[in-house]
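Student:
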Amino acid sequence: GGIITQTPKFLIGQEGQKLTLKCQQNFNHDTMYWYRQDSGKGLRLIYYSITENDLQKGDLSEGYDASREKKSSFSLTVTSAQKNEMAVFLCASSVPGQGTERLFFGHGTKLSVL
Amino acid sequence: GDSVTQTEGQVALSEEDFLTIHCNYSASGYPALFWYVQYPGEGPQFLFRASRDKEKGSSRGFEATYDKGTTSFHLRKASVQESDSAVYYCALGDFGNEKITFGAGTKLTIKP
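Residue numbers (my numbering), protein chains in the order written: chain A, 141 to 254; chain B, 147 to 258.
1) How about Phe-244/A and Ser-234/A: are their beta carbons less than 8 angstroms apart?
2) Which residues in chain A have a C-beta closer than 7 angstroms to the C-beta of Pro-186/B? List them in chain order.
3) Between the alpha carbons of Val-226/B and Asp-163/B, how many angstroms are there, rounded?
4) According to the Cβ coordinates, are Gly-248/A and Val-228/A closer than 8 angstroms?
5) Tell me the DSSP secondary structure of Asp-230/B in three-state form.
6) Going by alpha carbons, who is nearest to Cys-163/A out of Leu-254/A, Glu-202/A, Tyr-187/A?
7) Would the beta-carbon of Ser-220/A fall within 8 angstroms of that of Gly-203/A?
8) Do you know how far the Cα of Ile-144/A is from the Cα of Leu-159/B?
9) For Gly-239/A, which option in Glu-209/A, Tyr-173/A, Gln-157/A has the closest C-alpha, if you only look at C-alpha atoms?
10) In whole angstroms, what separates the C-alpha of Phe-180/B from that of Phe-194/B?
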């Protein structure tokens with residue numbers, strides 16, 4: 141078995157601040173994902189990466205940057221936090237499978253912007 | 147682009163009731179379809195998947211059948227328990243790449 145660790149669990153930021161969220165997996169999976177979860181809107185894909193140093197934009201990439209410097213880690217940066225923004229960011233990983241493989245998720249980072 | 151529509155935002159049932167959560171999809175190719183379940187404070191967990199027309203996926207008493215004709219993958223369970231209270235997500239995998247698209251989720255509450 142493996143685990144996905146997201147840090148921090150809670151993140152409080154100020155409007156306009158650049159904020160970085162980190163994700164580590166020990167499954168040895170090639171593919172990793174960042175999703176944003178808002179109440180009533182489900183999970184929306186921000187970025188994904190199919191291998192080290194690869195980045196693919198999802199449906200919600202504007203306002204975010206991502207980095208996949210190692211196979212085991214995938215970080216997400218909120219480039220300018222929006223006032224009163226509140227969401228949970230979920231990291232996931234999977235083996236490559238042309239869209240047929242299950243995702244394994246971390247427990248999330250909860251963001252609040254003052 | 148691809149999309150997943152879950153009709154019900156919230157469902158409230160009593161124990162031993164029959165459950166149906168509707169999921170319809172729109173995709174250009176022939177996607178794989180998934181159900182995930184999320185408990186409070188955790189990330190979503192894979193429930194099951196189906197990859198071809200008429201294939202049935204199932205797990206823990208839940209089941210869904212891939213219907214290409216109606217572009218649907220409805221989740222059903224014959225007799226729900228209080229422990230089934232959670233948020234359920236339908237998702238599709240975009241064949242040809244690794245992109246996975248989720249629906250808005252359905253919050254299921256089971257009264258004892």
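Quick reminder that beta carbons are idealized off the backbone N, C-alpha and C, glycines included. Predicted, not measured: the structure shown is a model, and the values here were computed from it.
Tutor: Put simply:
1) yes
2) Neighbours of Pro-186/B on chain A: none; closest Cβ ~11 angstroms, over 7 angstroms.
3) 6 angstroms
4) yes
5) helix
6) Tyr-187/A
7) yes
8) 33 angstroms
9) Tyr-173/A
10) 6 angstroms
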